Structure formats: C-alpha cells, structure tokens
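Please read the structure below before turning to the comments.
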Amino acid sequence: MPRLVSFDVDGTLIKSIGARANQLHREAFTAAFKQVFGIDTTIDVIPHHGSTDTLILVAVLVVHGIPKAEQAMNSYFAANIDRAGDGLEVLPGVVDLLKALKEDTDFMTCLVTGNLEPIGWGKMQALGLSDLFSTPHFGGFGSDFCSGNTEETWRDRAEFIRLAAMKAAGQADGPITARFHIGDAPMDVQAAADAGAVPLGVTTGIYTKEQLLVAAPSATILEGLGDLSKVMDILRQ
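With the sequence shown counted from 1, adding 118 to any position gets you my numbering.
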C-alpha cells in the first residue's frame, strides 16, 4: 500500500540562480500581461513568494480574464522550452531522494506547486528530474484551481494537495496509507496540515524554520533534503 510524497518546486526541489533567476517563468508572466491586457508590468509589483501562478495573476490584475492569461503564459513557455532551465539549478540531495523514492515500490511521488502544470513539468524536464517521478505524471497545480483569495494563498495549495491525493488514489494499487508534502514556504506546510498530509518543511528558500513553524507547528523542519537517510526515516514513519 503506497505512501504519497508530493513536492513543491521552486525553493524546494530547485532554486533560482544568477542574474537570469527563473528567467523563462518570469518572462511568461510578462508576455501574458502584454498579450492579454496590453500592459508592460512584471510580477515584482507584488509580493509573490509562496503564491500560485493564477493568484499572482489575480493580484497583479483582476480575476476576470485569467483563463486567457494562463493560455498566453503556457504558450510563451512552450515556445521557449529550450530555455526552461535558465537561471535554475537542482538543490542538493534532490536527485538522490527522488531516485530512492522511485526505486521503492512503497512510494508514489508527484508535484504540488503553484506553477501552471506545463511550466512545473517543463522545469523538471529541463533539469533532468521528470523521469524520477511516478508515471503517469500527476499532481496539483496552479492551473487546477484558483479561489481568487490573494490573502490566504495557502488555501489554494491545500486544494492542490487534495487534488493530488485523489489522482494518486486513481493510479495506486491499493489505498494510500500516508501522505507527505514537502515545501519551503509557510503556505506549503500550512496547506499540508489543512489537507491532511504530513507537513515537511525545508529552509532552502527564503523562509526560516521559525516562520515555517508559526504556519504549521506540527511540521518537521529540515535544513534541506541532503540527508537521505534522515528524510527517508521521516517518510517511513
């Protein structure tokens, strides 16, 4: 009977680096704003760390028109997919952990991220990680649901975690016996706790251990995913 481990993407599996940090994803937002709304802007006009792609669009603009903006973002990203890895690198321990989970039939793995689905998997493909997840690929994404609630973005993430669990149940050989969600933001661990998953926080993003624990006091917090034995022990509990 499998255990489900879902991963946030940015700040958890991968990090932005250099002057071109997360370049294509950021360009996709800018292109969508220009194409759909005819305005020149960027996501930097709002605080966006830990939010979802669709809620970022809501915060910068309005709920109205989001489906077209999503399509424009996906189209821009797909047209420039050869640059999907620009300004990104895999964090320490991620490859070994994903390989260990892939080889262990007790586990299923997926993404739960605010990224639109094609963008999330595009990053994984560009960085050589996509084949290390359970197949067929599944998860919960910013393109799956948008409440419009920009004040409590964790609520959308909780819905993504629930959606991922439903998809996993449809692919699993038996009932899911335990669910874990790994993320670097307070929104990740708070969402996990709300959605019935075990929250596992990592301080590989911009948030501290203290900030993560305020959001989810029950969370286990690690400095990263580099200690394979320790992480696997937690996931086997």
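Beta carbons are placed, not taken as given, at the ideal position from N, Cα and C, and that holds for glycine. Nothing here was measured: the structure is a model prediction, and the numbers come from that model.
Rounded to whole angstroms, F259 and K152 show a C-alpha spacing of 23 Å. Scanning the segment 193–257 for uninterrupted alpha helix (DSSP H) segments of 4 residues or longer gives 212–221 and 235–244, listed from N- to C-terminal end. Distances from the alpha-carbon of L179 to those of V332, T295 and G156 put G156 closest. Where P317 is concerned, there is no enclosing alpha helix (DSSP H), although the beta strand (DSSP E) around it starts and stops at V316 to V320. Spatial neighbours of A337 in its own chain (CB-CB distance under 8 Å, excluding positions within 5 residues in sequence) are listed in chain order as V307, A310, A311, P317, L318, G319, L330 and L331. A contact is defined here as three or more CB-CB pairs under 8 Å, and the segment 133–152 meets this definition with respect to the segment 196–204. C-alpha of L175 to C-alpha of A303: approximately 19 Å in a straight line.
H166 carries a coil assignment under DSSP once its states are collapsed to helix, strand and coil. Residue environment for T271: buried (at least 16 other C-beta atoms within 10 angstroms of its C-beta). Inter-residue distance for G211 and A177 is about 34 Å (C-alpha atoms, whole angstroms). Distance from the CA atom of G257 to the CA atom of D158, rounded to whole angstroms, is 32 Å. The straight-line gap separating the alpha-carbon atoms of E188 and A146 is approximately 9 Å. Just measuring C-alpha positions, the residue of T268, A197, L209 and D249 sitting nearest G232 is T268.
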